[in-house]
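Sequence positions in the sequence shown follow my numbering and run 21 to 566. Here is the structure we will look at.
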Amino acid sequence: MVQQGLEDSLLEIDGNFDRKTRWNRVLLFILALTSIACLELGRDHLNFREGRDDHKLSYRLPIDGKSDIVESNQAVVAADDGRCSEIGVSILEKGGHAVDATVATAVCLGVVSPMSSGVGGGGFMVVQSSSTSDAPLAIDMRETAPAAASQNMYENNRVAKYQGALSMGVPGEIAGLHIAWLKYGRLPWRTLFEPSIKLAKEGFIIGPYLSRNIANEAKMIKNDPGLRQVFAPNGKLLKAGDKCYNVELGNTLKAVAEQGPEAFYNGSVGEKLVEDVKKAGGILTMDDLRNYRVKVTDAVNVNVMGYEILGMPPPSSGTVGISLVLNILNSYDSPNAVKGPLGLHRLIEALKHMFAVRMNLGDPEFVNISKTISNMLSPSFAKRIQEKIFDNTTFPPEYYLPRWSQLRDHGTSHFCVVDSDRNAVSMTTTVNYPFGGGVLSSSTGIILNNEMDDFSIPTDITPDKLPPAPSNFITPNKRPLSSMTPIIILKDNQLAGVIGGSGGLDIIPAVVQVFINHFVLGMKPLAAVQKARVYHRVHRNYIENL
Numbered sequence: 021m022v023q024q025g026l027e028d029s030l031l032e033i034d035g036n037f038d039r040k041t042r043w044n045r046v047l048l049f050i051l052a053l054t055s056i057a058c059l060e061l062g063r064d065h066l067n068f069r070e071g072r073d074d075h076k077l078s079y080r081l082p083i084d085g086k087s088d089i090v091e092s093n094q095a096v097v098a099a100d101d102g103r104c105s106e107i108g109v110s111i112l113e114k115g116g117h118a119v120d121a122t123v124a125t126a127v128c129l130g131v132v133s134p135m136s137s138g139v140g141g142g143g144f145m146v147v148q149s150s151s152t153s154d155a156p157l158a159i160d161m162r163e164t165a166p167a168a169a170s171q172n173m174y175e176n177n178r179v180a181k182y183q184g185a186l187s188m189g190v191p192g193e194i195a196g197l198h199i200a201w202l203k204y205g206r207l208p209w210r211t212l213f214e215p216s217i218k219l220a221k222e223g224f225i226i227g228p229y230l231s232r233n234i235a236n237e238a239k240m241i242k243n244d245p246g247l248r249q250v251f252a253p254n255g256k257l258l259k260a261g262d263k264c265y266n267v268e269l270g271n272t273l274k275a276v277a278e279q280g281p282e283a284f285y286n287g288s289v290g291e292k293l294v295e296d297v298k299k300a301g302g303i304l305t306m307d308d309l310r311n312y313r314v315k316v317t318d319a320v321n322v323n324v325m326g327y328e329i330l331g332m333p334p335p336s337s338g339t340v341g342i343s344l345v346l347n348i349l350n351s352y353d354s355p356n357a358v359k360g361p362l363g364l365h366r367l368i369e370a371l372k373h374m375f376a377v378r379m380n381l382g383d384p385e386f387v388n389i390s391k392t393i394s395n396m397l398s399p400s401f402a403k404r405i406q407e408k409i410f411d412n413t414t415f416p417p418e419y420y421l422p423r424w425s426q427l428r429d430h431g432t433s434h435f436c437v438v439d440s441d442r443n444a445v446s447m448t449t450t451v452n453y454p455f456g457g458g459v460l461s462s463s464t465g466i467i468l469n470n471e472m473d474d475f476s477i478p479t480d481i482t483p484d485k486l487p488p489a490p491s492n493f494i495t496p497n498k499r500p501l502s503s504m505t506p507i508i509i510l511k512d513n514q515l516a517g518v519i520g521g522s523g524g525l526d527i528i529p530a531v532v533q534v535f536i537n538h539f540v541l542g543m544k545p546l547a548a549v550q551k552a553r554v555y556h557r558v559h560r561n562y563i564e565n566l
């Protein structure tokens, strides 16, 4: 009875909830209420980790409803893999700040969930400090184009934009994690790496999701010596339940733990990585690594529907995209406007308009996108769009005035952390495609990202027959546009939620719908995440219901 009561506190029981819905996207949701409930939805289970006093608690909630849900008054971590949630909470139990747990969790995910994230990639982090003297920060560790990159570099080889070492952007994850730790960290940097070094060197058990990705990418893995060595030793693909070793990655993490990011960006790790990239046909240099810079700014602040949303500025399109959609829906001046079939129609139309505007964005250090940002954050601009939405009809794609083709980015890994002081972190990491560009550096154990595919190129030919977006063309040191959407939600200056998701272009619609489900429609946390969602991207003129 106690267990059922706790489950019901997270699940709203209504006729619209279907436990057997396919979970094709990962969405993480922490609600920092009187009790902190932390939910991480995978395809077939729920993983989360909480720390309460001297108790260590770990959970898996299968979709069939057999559950073991416990609420906590203390700290919580939600990640794609329960082992990484456990590592994060262990750091908090040692007195670490939420950012300490973030570093440890991110490094762990790069070991046990390497198809989605790793030190060879990048990401975005939003930090809300419980200290009133610290403004919320947005930490941009997005990959950048190498100095030798150019707008037309893939003109004669489109495949090289997403496959192979030439698709690699300059990694930013280690630099970004270190910047965050320097400001907020309490524990020694080395301590945060120790659990993941052990996993990489002594081996970890392959989970179902990694197993599926290995099977799906079998040909690519067998064609690359580095990937084959780790994921198909002796020529046989690893599967769920097998033990996986990445000893060289363990050595890399040990060097970074002992020497700091200098080992990666101006030391032996970087030198070995650059040499492997060069041998594989890439253009990454030591100067690229030395010159990489993390961008730290105040978080974007959006006030809508009675809540304050903290998120990333461009090149992330997530926060401004959410702002536009929610402000469009808020223009109806009634919470009932998003209810039922009519509310769903309005949401879909709002998403179409948002995606049409989104492709005007890019890296603000290289293109002037101030007007686009201003519009996407403006309630009056949203109201003008809302007046173009009709409750009894929809329109062909050209009605929404899309100027540029949609660039489809790919998978990521998201996780959330709240510590006992109510410091909160929302972070999304990525190597882009599953296993990035399909190359693993044999001397470092690092999987190369293929983030260059998130740029637009002049020669792109897309099904929608629209031209590629010039604001997202390749320039050396430029960051590509992204859909990653780590956000933190406040109500009356108090922490109310931490949300983010995985799945490329589907992240923004997913996060919007979970926000509406809980904060507007009043659904309980787990039900808000598990409720089926819709996706529409303007040009592909059909609705996906996942």
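Built from N, CA and C at the ideal position, the CB exists for glycine as well.
CB-CB under 6 Å to residue i, same chain, minus the five flanking residues each way: which ones, in chain order?
i	result
D101	V132, S133
G569	Nothing about residue 569 can be read from this structure; the chain reaches only from 21 to 566.
A277	R210, F213
S149	N443
A260	I226, P228, S231
L541	none
From residue i to residue j, what does the alpha carbon distance come to, in whole angstroms?
i	j	result
M325	D441	26 Å
C58	V96	At C58 the pLDDT is 41, less than 50, meaning the model places this residue with poor confidence; the figure from the coordinates comes in the next sentence. Straight-line Cα distance between these residues: approximately 6 Å.
K221	L247	16 Å
M374	K408	13 Å
I111	T479	48 Å
S337	E471	16 Å
A195	L230	26 Å
I477	N395	25 Å
N497	S354	45 Å
T464	E291	10 Å
A235	L257	7 Å
P335	A155	21 Å
D631	T164	A query on residue 631 cannot be resolved here, the shown segment of the chain reaching from 21 to 566 and no further.
Y453	G431	6 Å
R45	K544	Caution applies to R45, whose pLDDT of 32 falls short of 50 and renders its modelled position unreliable; the model cannot decide the point.
Y419	H365	16 Å
T413	A200	48 Å
A402	V267	52 Å
P215	V127	9 Å
F144	Q406	30 Å
S502	G524	8 Å
A158	R423	29 Å
F37	T122	Only weak support exists for where F37 lies, its pLDDT of 33 falling under 50; the coordinates are left without a value.
M447	I509	14 Å
N380	C264	43 Å
N537	A547	8 Å
P281	L362	52 Å
L371	I348	10 Å
Just list the residues that DSSP pairs residue i with in beta bridges.
i	result
N323	E328
C264	F224
A98	C436
K511	Q514
K551	Its beta-bridge partners do not exist; DSSP assigns none.
L460	I467
T339	The partner list for T339 (beta bridge, DSSP) is empty, contrary to what the question assumes.
V307	Looking at the sequence shown, residue 307 is not Val but Asp. Paired residues: none, contrary to the question.
G143	M161, T449
F493	S476
Q533	According to DSSP, Q533 bridges with nothing at all.
Which same chain residues, not among the five before or five after residue i, have their C-beta less than 8 Å away from its C-beta?
i	result
G287	A275, Q279
I563	I368, V554, Y555, H556
I217	G270, L273, K274, A277
N254	none
Kindly list the residues whose CB is nearer than 7 Å to the CB of residue i, restricted to its own chain and excluding five residues on each side of it in sequence; keep chain order.
i	result
K86	In this prediction, K86 has a pLDDT of 33, which is less than 50 and means its spatial position is unreliable; nothing more can be read from the coordinates.
A180	Y174, L186, S187
G301	G184, A185, L186
A283	A275, V276, V289
Taking Cβ positions only, does residue i come closer than 8 Å to chain C?
i	result
E278	No chain C appears in the structure shown, which is made up of a single protein chain.
**Item:** Contiguous beta strand (DSSP E) assignments of at least 3 residues, all confined to the segment 355–439
**Value:** Here the runs fully enclosed are 433–438.
**Item:** At least three beta-carbon pairs within less than 8 Å, the segment 525–545 to the segment 387–404
**Value:** Short answer: they don't touch.
**Request:** Scan the segment 150–233 and note each continuous beta strand (DSSP E) run of 3 residues or more that stays entirely inside, going in chain order.
**Result:** List check, beta strand (DSSP E) in window: 157–161.
**Prompt:** Okay, do the segment 511–525 and the segment 302–320 touch, 3+ Cβ pairs below 8 Å being the bar?
**Reply:** Segments in contact, no.
**Those runs of the beta strand (DSSP E) which lie wholly inside the segment 238–293 and span at least 3 residues** = Within the segment 238–293, no complete beta strand (DSSP E) run reaches 3 residues.
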